[in-house]
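Line by line, the protein sequences give chains A and B.
Sequential numbering from 204 applies to the first sequence in the working numbering.
Sequential numbering from 19 applies to the second sequence in the working numbering.
We put the CB at the ideal spot given by N, CA and C, even for glycine.
Treat the numbers as computed from the prediction; the structure is a model and nothing was measured.
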Amino acid sequence: MSAGSDAAPRGATRRRIPRLAVIATAAGAFAGLFGVGGGTIIVPLLALWFGYSQREATGTSLAAIVVIGALGAAAQAVYGNVDVWHGVLVALPGMAGVLAGTAVQQRLPERAVAAAFIVLLLGSAAVLIL
Amino acid sequence: MHAVDWIGLLVLAFAGGMTGGLLGVGGAVLFVPALVVFADQSQLGAEASSLLAMVLVSLVGTWRQAGYGNVRMGDAIVIGLLSPLGVLGGVVLANAVSERTLELSFAAVQLYFAARLARIVAFPRTARSASVQSSGDPRRPDRGP
Chain A
204 MSAGSDAAPR GATRRRIPRL AVIATAAGAF AGLFGVGGGT IIVPLLALWF
254 GYSQREATGT SLAAIVVIGA LGAAAQAVYG NVDVWHGVLV ALPGMAGVLA
304 GTAVQQRLPE RAVAAAFIVL LLGSAAVLIL
Chain B
19 MHAVDWIGLL VLAFAGGMTG GLLGVGGAVL FVPALVVFAD QSQLGAEASS
69 LLAMVLVSLV GTWRQAGYGN VRMGDAIVIG LLSPLGVLGG VVLANAVSER
119 TLELSFAAVQ LYFAARLARI VAFPRTARSA SVQSSGDPRR PDRGP
């Protein structure tokens, strides 16, 4: 639950904030562009730049997505693109799914979670390209 | 919507939520195709509606992950609070650039990250040490998957 300032020297913290800002801006742009939360940006960069474990990257990404998703939904609503009924329709089974997914994740090795994330990236890219 | 559409949408939405809990991506990767294929929404409409679903799903996921001690709330808040410029810029782009261009650019970024993560999975110590040292974060230099 730390923000990076507890044990890190001041210079390291100064380098940390700009990188978090880059992650935030890129994730926010993807949220606005594709209607996704930016998790495919946040999770890999937290792992690659800050050495997060896969589980920490997952949990922290979800928390950030709450804010990013709310801002993206509000901005899309200005354009009249948000259908509340359809949003709630997918959210209800989605909430059941996230409970199941979180529980399963705690029982898997870190490398298995990372490998699953790679498969997700490849599958999603293939769908978009085809 | 026919019965088959309802079943398809519910299954994909559940899978999207499960993907979110498992991988931290919010689930929209599956929410969007679920709405396009089974609810006859346009790509842009599905993306917008899925953002609303994602907020609710991610709230539940954050609550559970925090219970397992996996949420670094400080970094999450920094990322969330610094994202508005990116969000607003992205929404403007979505209404100005062709859908195909957006799809291909998103795919390219996903493939790049897949390659970088695959290196960490295959060579955990070497790849992660190099990445973290270059990030300037001295607290976690040796932590591997």
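So which residues of chain A does residue i contact, with C-beta pairs closer than 7 Å?
| i | result |
| --- | --- |
| B:V73 | V269, G272, A273 and A276 |
| B:T119 | In chain order: nothing, as chain A lies at least about 10 Å away. |
| B:I97 | L223, I226, A227, A230, I245 and A267 |
Going by CA-CA distance only, name the one from the options that's closest to residue i.
| i | options | result |
| --- | --- | --- |
| A:A229 | A:D286, A:V293 and A:G242 | A:G242 |
| B:N113 | A:G326, A:Q257, A:A278 and A:V287 | A:A278 |
| A:I226 | B:G92, B:L77, B:L74 and B:V96 | B:V96 |
| A:V270 | B:L100, B:G38 and B:G34 | B:L100 |
| A:Y282 | B:R90, B:G108 and B:G98 | B:G108 |
| B:G87 | A:A317, A:I321, A:G262 and A:A294 | A:G262 |
| B:L64 | A:G304, A:F320 and A:A276 | Here residue 64 of chain B turns out to be Ala, not Leu, going by the sequence shown. The shortest Cα separation from B:A64 among A:G304, A:F320 and A:A276 belongs to A:A276. |
| A:Q257 | A:L323, A:V322 and A:P312 | A:P312 |
| B:L69 | A:G231, A:L251 and A:L249 | A:G231 |
| A:L251 | A:L325, A:P296 and A:R219 | A:R219 |
| B:R134 | A:A224, A:R222, A:V246 and A:L236 | A:V246 |
| B:A57 | A:W288, A:A224 and A:Q308 | A:W288 |
| B:G34 | A:R310, A:A315, A:G290 and A:A318 | A:G290 |
| B:V73 | B:A132, B:G44 and B:A125 | B:G44 |
| A:G304 | B:F124, B:L27, B:A31 and B:G26 | B:A31 |
| A:G272 | B:G98, B:L48 and B:A126 | B:G98 |
| B:Q128 | A:L236, A:I244, A:L223 and A:A224 | A:I244 |
| B:G85 | A:A267, A:E259, A:M298 and A:A280 | A:E259 |
| A:D286 | B:S60, B:L111, B:A125 and B:S76 | B:S60 |
| A:L295 | B:G79, B:Y130 and B:L62 | B:G79 |
| B:S76 | B:A126, B:A52 and B:L40 | B:L40 |
| B:G42 | A:V301, A:A224, A:V322 and A:A280 | A:V301 |
List the residues of chain B whose Cβ lies closer than 7 Å to the Cβ of residue i, in chain order.
| i | result |
| --- | --- |
| A:R258 | N88 |
With residue i as the anchor, note down where its alpha helix (DSSP H) starts and where it stops.
| i | result |
| --- | --- |
| A:G254 | Counting along the chain, A:G254 falls outside any alpha helix (DSSP H), and DSSP gives it neither H nor E. |
| B:Q59 | Neither: B:Q59 is in no alpha helix (DSSP H) and is coded neither H nor E. |
| B:G98 | M91 to L99 |
| A:D298 | In the sequence as presented, Asp is not what sits at residue 298 of chain A; that position holds Met. That run of the alpha helix (DSSP H) goes V287 to Q308. |
| B:P102 | P102 to A112 |
| A:S327 | E313 to I332 |
| B:G26 | A21 to L41 |
| B:Y130 | E117 to A140 |
For residue i, count the other beta carbons within 10 Å of its own beta carbon; 16 or more makes it buried, fewer makes it exposed. Which is it?
| i | result |
| --- | --- |
| A:L265 | buried |
| A:A234 | buried |
| B:W24 | exposed |
| B:H20 | exposed |
| A:L333 | exposed |
| B:R118 | exposed |
| B:S67 | buried |
| B:L122 | exposed |
| B:D168 | Because chain B in this structure spans residues 19 to 163, residue 168 of chain B falls outside the shown range and cannot be described. |
| B:V115 | exposed |
| A:A328 | buried |
| A:D209 | Only weak support exists for where A:D209 lies, its pLDDT of 45 falling under 50; the value from the coordinates is given anyway. Answer is exposed; the Cβ neighbour count stays below 16. |
| A:P221 | exposed |
| B:P163 | Residue placement at B:P163 cannot be trusted, given a pLDDT of 38 that sits under 50; what the coordinates show is reported in the next sentence. By the neighbour-count rule (16 or more Cβ atoms within 10 Å), B:P163 is buried. |
| B:F141 | exposed |
| A:G326 | exposed |
| A:V293 | buried |
| A:R310 | exposed |
| A:S205 | Since pLDDT at A:S205 reaches only 42, below the 50 mark, its modelled position is unreliable, and the value read off the structure follows with that caveat. Result: exposed. |
| A:V316 | buried |
| B:L103 | exposed |
| B:A132 | buried |
| A:G207 | Caution applies to A:G207, whose pLDDT of 42 falls short of 50 and renders its modelled position unreliable; the value that the coordinates give is listed next. Buried is the call here. |
| B:V89 | buried |
List the residues of chain A whose Cβ lies closer than 8 Å to the Cβ of residue i, in chain order.
| i | result |
| --- | --- |
| B:V47 | V239, T243, L323 and S327 |
| B:V22 | Chain A residues near B:V22: none, gap ~16 Å exceeds 8 Å. |
| B:S76 | G240, L265, A266, I268, V269, G272 and V301 |
| B:A136 | I321 |
| B:S101 | A227, T228, A230, G231, A234, G241, A267, V270, I271 and L274 |
Who are the neighbours of residue i on chain A, taking C-beta pairs under 9 Å?
| i | result |
| --- | --- |
| B:G39 | T261, L265, G300, V301, L302, A303, G304, T305, A306, V307 and Q308 |
| B:G34 | V293, P296, G297, G300 and V301 |
| B:A125 | S327, A328, A329, V330, L331 and I332 |
- In the stretch 50-61 of chain B, which residues sit with their C-beta less than 9 Å from some C-beta in chain C, listed in chain order? The chain inventory of the structure shown lacks chain C, comprising the protein chains A and B.
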